[in-house]
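Take a look at the structure set out below.
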Amino acid sequence: MGNVIKLNGNVYSIRGKLGTGGFSEVYLVEGRLCPNAHLASDGTAYDEGNDTAYALKVMQCDDDEQLRRALMEVQLHRRLKHPNVLRLIESEIRMKMTRHHTAVQNALSKTKEVLLLFPVYPMGSLQHLLDKARHMPLFDESSCLHIFLGIARGVREIHALGLAHRDIKPGNVLLSDTYTPVVMDLGSSAPLYVPINSPRDAALVVEEAAQFSSAPYRAPELWDDSFRGTVCGKCDVWSLGCTLYALAYGPLGPFESRSHGVQRLAILNGTVTFPSSATSSGVSVAYVALVQRMLQVNVDDRPTLDTVIAIAEKLLETRADDVGVTGKGFQRVQDGETKSHQTAKRLAYRGRDVLNHALAM
Numbered sequence: 001m002g003n004v005i006k007l008n009g010n011v012y013s014i015r016g017k018l019g020t021g022g023f024s025e026v027y028l029v030e031g032r033l034c035p036n037a038h039l040a041s042d043g044t045a046y047d048e049g050n051d052t053a054y055a056l057k058v059m060q061c062d063d064d065e066q067l068r069r070a071l072m073e074v075q076l077h078r079r080l081k082h083p084n085v086l087r088l089i090e091s092e093i094r095m096k097m098t099r100h101h102t103a104v105q106n107a108l109s110k111t112k113e114v115l116l117l118f119p120v121y122p123m124g125s126l127q128h129l130l131d132k133a134r135h136m137p138l139f140d141e142s143s144c145l146h147i148f149l150g151i152a153r154g155v156r157e158i159h160a161l162g163l164a165h166r167d168i169k170p171g172n173v174l175l176s177d178t179y180t181p182v183v184m185d186l187g188s189s190a191p192l193y194v195p196i197n198s199p200r201d202a203a204l205v206v207e208e209a210a211q212f213s214s215a216p217y218r219a220p221e222l223w224d225d226s227f228r229g230t231v232c233g234k235c236d237v238w239s240l241g242c243t244l245y246a247l248a249y250g251p252l253g254p255f256e257s258r259s260h261g262v263q264r265l266a267i268l269n270g271t272v273t274f275p276s277s278a279t280s281s282g283v284s285v286a287y288v289a290l291v292q293r294m295l296q297v298n299v300d301d302r303p304t305l306d307t308v309i310a311i312a313e314k315l316l317e318t319r320a321d322d323v324g325v326t327g328k329g330f331q332r333v334q335d336g337e338t339k340s341h342q343t344a345k346r347l348a349y350r351g352r353d354v355l356n357h358a359l360a361m
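Counting in the UniProt record's numbering, the sequence shown runs from 1 upward without gaps.
Given below as structure tokens:
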């Protein structure tokens with residue numbers, strides 16, 4: 001790929017690569033938006049008269065299954081208009097043209113490119129922020145709940161379309177400058193209800209999850225080939241429980257830093273290790289109890305997403321005096337920002353080290 005790329009007739013300058021993963025690459029680009037492009041997820045209108053930084057995801061689809069998933073991701077983004085879900089600005093699907101191939105070779109090629117243009121979030125991912133804090137508590141309980149509820153509400157919008165996200169984790173959550181969480185990477189999505197009635201059914205779900213769902217945040221039923229029942233939206237509730245844990249005790253989730261075999265057993269057994277004093281980071285017993293409820297191995301014992309949101313909202317109400325969106329609960333983050341991070345906030349196109357591969361699949 002050269003120094004520029006065209007998307008729906010608009011020319012964007014490539015400033016660098018943000019990440020690579022699966023069959024996609026993400027670039028930091030700069031250009032002017034066409035007048036009929038979508039608004040950002042927060043309703044912000046982009047300045048059509050000036051160059052603006054964007055994140056451009058390019059997916060190379062060599063087979064029908066890759067193309068199906070890419071098209072599903074595009075359609076999902078188009079349908080989801082929620083402040084807690086990453087908003088697609090514009091997209092294009094086209095045949096991949098290779099400079100060194102003849103016109104005939106390009107015409108016969110079955111490889112297609114799917115391009116998706118997104119806003120850039122210079123704060124980066126939630127995981128990036130947790131990593132910066134290392135083992136020091138980054139947020140107080142109210143701030144944790146505020147961020148968590150935004151993520152959960154974004155996931156609820158996905159469920160409303162009859163789909164589960166299947167890969168909720170801090171690395172798939174971007175943060176705005178006001179710490180509004182934005183769920184991304186919808187390419188892992190799967191039907192909300194999947195009946196498992198046979199070993200073959202279970203094997204297919206486990207195989208798909210191994211490819212698209214991050215192991216430390218993957219629900220037990222997505223590991224267990226002996227599972228019988230219905231895989232449903234509660235797999236996202238499990239992942240959200242791991243995320244709620246990471247918010248308070250991060251940067252790692254409850255099942256990270258283990259070998260694959262040990263990790264699998266810990267998840268299947270629901271072996272969650274809290275710090276010696278689970279409330280040592282300033283969270284309440286009720287917060288810990290919510291994490292524990294969400295990390296129930298038995299799907300039937302796990303609360304629904306609506307129940308989780310209701311409990312978290314009630315918890316946040318009881319601590320409403322502690323913090324607001326711009327209150328003291330986020331001061332730890334602001335105080336801890338380095339000069340380079342602040343520069344990245346001002347100049348998004350220079351923020352590759354901040355964004356990492358957050359938008360890559």
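We treat Cβ as the ideally placed atom computed from N, Cα and C, and that holds for glycine. Keep in mind it's a predicted model, so treat the numbers as computed, not measured.
Residue i, DSSP secondary structure in three states
i           : result
residue 19  : strand
residue 242 : helix
residue 269 : helix
residue 343 : Legend: pLDDT at residue 343 = 32, less than 50; position of this residue unreliable, value from coordinates given subsequently. The answer is helix: DSSP assigns residue 343 an H, G or I state.
residue 370 : Residue 370 is absent from the model: the chain starts at 1 and stops at 361.
residue 56  : strand
residue 134 : coil
residue 232 : coil
residue 95  : strand
Of the listed residues the options, nearest to residue i (C-alpha basis)
i           : options               : result
residue 190 : 165, 175 and 204      : 165
residue 178 : 122, 316, 12 and 205  : 122
residue 247 : 140, 69 and 115       : 140
residue 270 : 232, 283, 224 and 175 : 224
residue 363 : 12, 20 and 23         : Outside the shown range of the chain, which is 1 to 361, sits residue 363, and nothing can be said about it.
residue 286 : 244, 260 and 265      : 244
residue 77  : 128, 186 and 95       : 186
residue 114 : 198, 88 and 261       : 88
residue 263 : 216, 284 and 282      : 216
Own chain partners of residue i with C-beta closer than 7 Å, once the 5 adjacent residues on each side are dropped
i           : result
residue 241 : 291, 294 and 295
residue 134 : 251
Residues near residue i by beta carbon distance below 8 Å, same chain, minus five either side
i           : result
residue 156 : 305, 306 and 309
residue 232 : 164, 192, 193, 194 and 299
Short Cβ contact (8 Å threshold) for residue i with residue j
i           : j           : result
residue 319 : residue 238 : no
residue 120 : residue 154 : no
residue 80  : residue 158 : yes
residue 4   : residue 25  : no
residue 146 : residue 33  : no
residue 61  : residue 20  : no
residue 214 : residue 173 : no
Contacts around residue i, its chain only, beta-carbon distance under 6 Å, and the 5 residues preceding and following it disregarded
i           : result
residue 272 : 254 and 295
residue 220 : 267, 268 and 297
residue 234 : 299 and 302
residue 195 : 230
residue 107 : With a pLDDT of only 48 at residue 107, under 50, the local geometry of the prediction cannot be trusted, and no value is derived from it.
residue 337 : Unreliable positioning characterises residue 337 in this predicted model, as indicated by a pLDDT of 45, which lies under 50. The coordinate reading is nonetheless provided below. So the list is empty, once near-sequence residues are dropped.
Cβ-Cβ separation, residue j to residue i (assumed contact under 8 Å), whole Å
i          : j           : result
residue 91 : residue 117 : 7 Å
Closer than 7 Å: residue i CB and nearest the ligand SAH heavy atom
i          : result
residue 91 : This structure lacks the ligand SAH; in fact it carries no ligand of any kind.
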